[in-house]
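Chemist:
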Ligand SMILES: CC(C)(COP(=O)(O)OP(=O)(O)OC[C@H]1O[C@@H](n2cnc3c(N)ncnc32)[C@H](O)[C@@H]1OP(=O)(O)O)[C@@H](O)C(=O)NCCC(=O)NCCS
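Numbering (the working numbering), first residue to last: 54 to 233.
#1: Please report the straight-line C-alpha distance between residue 190 and residue 90, rounded to a whole angstrom.
#2: Would you say residue 164 touches ligand 1, meaning its beta carbon is less than 7 angstroms from a heavy atom?
#3: Looking at the structure shown, is residue 125 part of a helix, part of a strand, or coil, going by DSSP?
#4: Which residues in the same chain as residue 81 place their Cβ atom closer than 6 angstroms to its Cβ, once the five residues preceding and following it in sequence are excluded?
#5: Using only the alpha-carbon positions, how far apart do residue 126 and residue 68 sit?
#6: Which of the three DSSP states is assigned to residue 219 in this structure?
#7: What is the DSSP secondary structure of residue 9, reduced to helix, strand or coil?
#8: For residue 97, count the other beta carbons within 10 Å of its own beta carbon; 16 or more makes it buried, fewer makes it exposed. Which is it?
This is how it looks when you write it as structure tokens:
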């Protein structure tokens, strides 16, 4: 299945190109970007992640779309939908997520992309609910969730099972939004 493309005022959310892999590896090796994630990725790990993302879009027509700025940077990161691969009280579910290169923070791009993704999830995929989660201290990501209308479910707080019990990023908060 061909991957879909979402267009917003300033951005194009599209399937991945081979040229995206190098700038993706650069942002995954940037400690400013990975400070709230589980650590930097090596080039091989980043490429394998990009392969998984690209394959998912190819097979399903949706996923974590590569973002480019219209008549600007050809790749600034991703935003989109995925299915978490771990078990938790709120899984199976579809998660909305985002990751941008540091130089493209603070322009509203993540929020703009996320609004288009949410619209696709509810109005094209007809999902009944979309969730998002992040480590408690990831204020920037939580603000994106709140700006697009996700609401924190305090009963959904959980320890991320992929991180070791003593990992400081293990405690996570859960946000939800149902289709209106
Ligand atoms: C999460 C992440 C994408 C958020 O980036 P961000 O720049 O804070 O979010 P946005 O792109 O929506 O930009 C919002 C900011 O742009 C500002 N802004 C500037 N120009 C703007 C415009 N034209 N329109 C809208 N907002 C604009 C907003 O005021 C806001 O600033 P503030 O946070 O200081 O109030 C980014 O921090 C990131 O990639 N982090 C690492 C990866 C990560 O944590 N991913 C989530 C894991 S769950």
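Note that CB positions come from ideal geometry on N, CA and C, so glycine has one too.
Modeler: On the basis of the data shown:
#1: Residue 190 and residue 90: Cα-Cα distance of roughly 11 angstroms.
#2: Yes, the Cβ of residue 164 comes within 7 angstroms of a heavy atom of ligand 1.
#3: In the structure shown, residue 125 sits in coil (DSSP, three-state: anything other than H, G, I, E or B).
#4: Leaving aside the five residues that flank residue 81 on each side, the residues in its chain whose CB is nearer than 6 angstroms to its CB run, in chain order, 94 and 99.
#5: Each residue's CA atom was taken as its position, placing residue 126 and residue 68 some 16 angstroms apart.
#6: DSSP, reduced to helix, strand and coil, places residue 219 outside both helices and strands of the structure shown, so it counts as coil.
#7: Any property of residue 9 remains undetermined from this structure, which presents the chain solely from 54 to 233.
#8: Residue 97 is exposed by the Cβ-count criterion.
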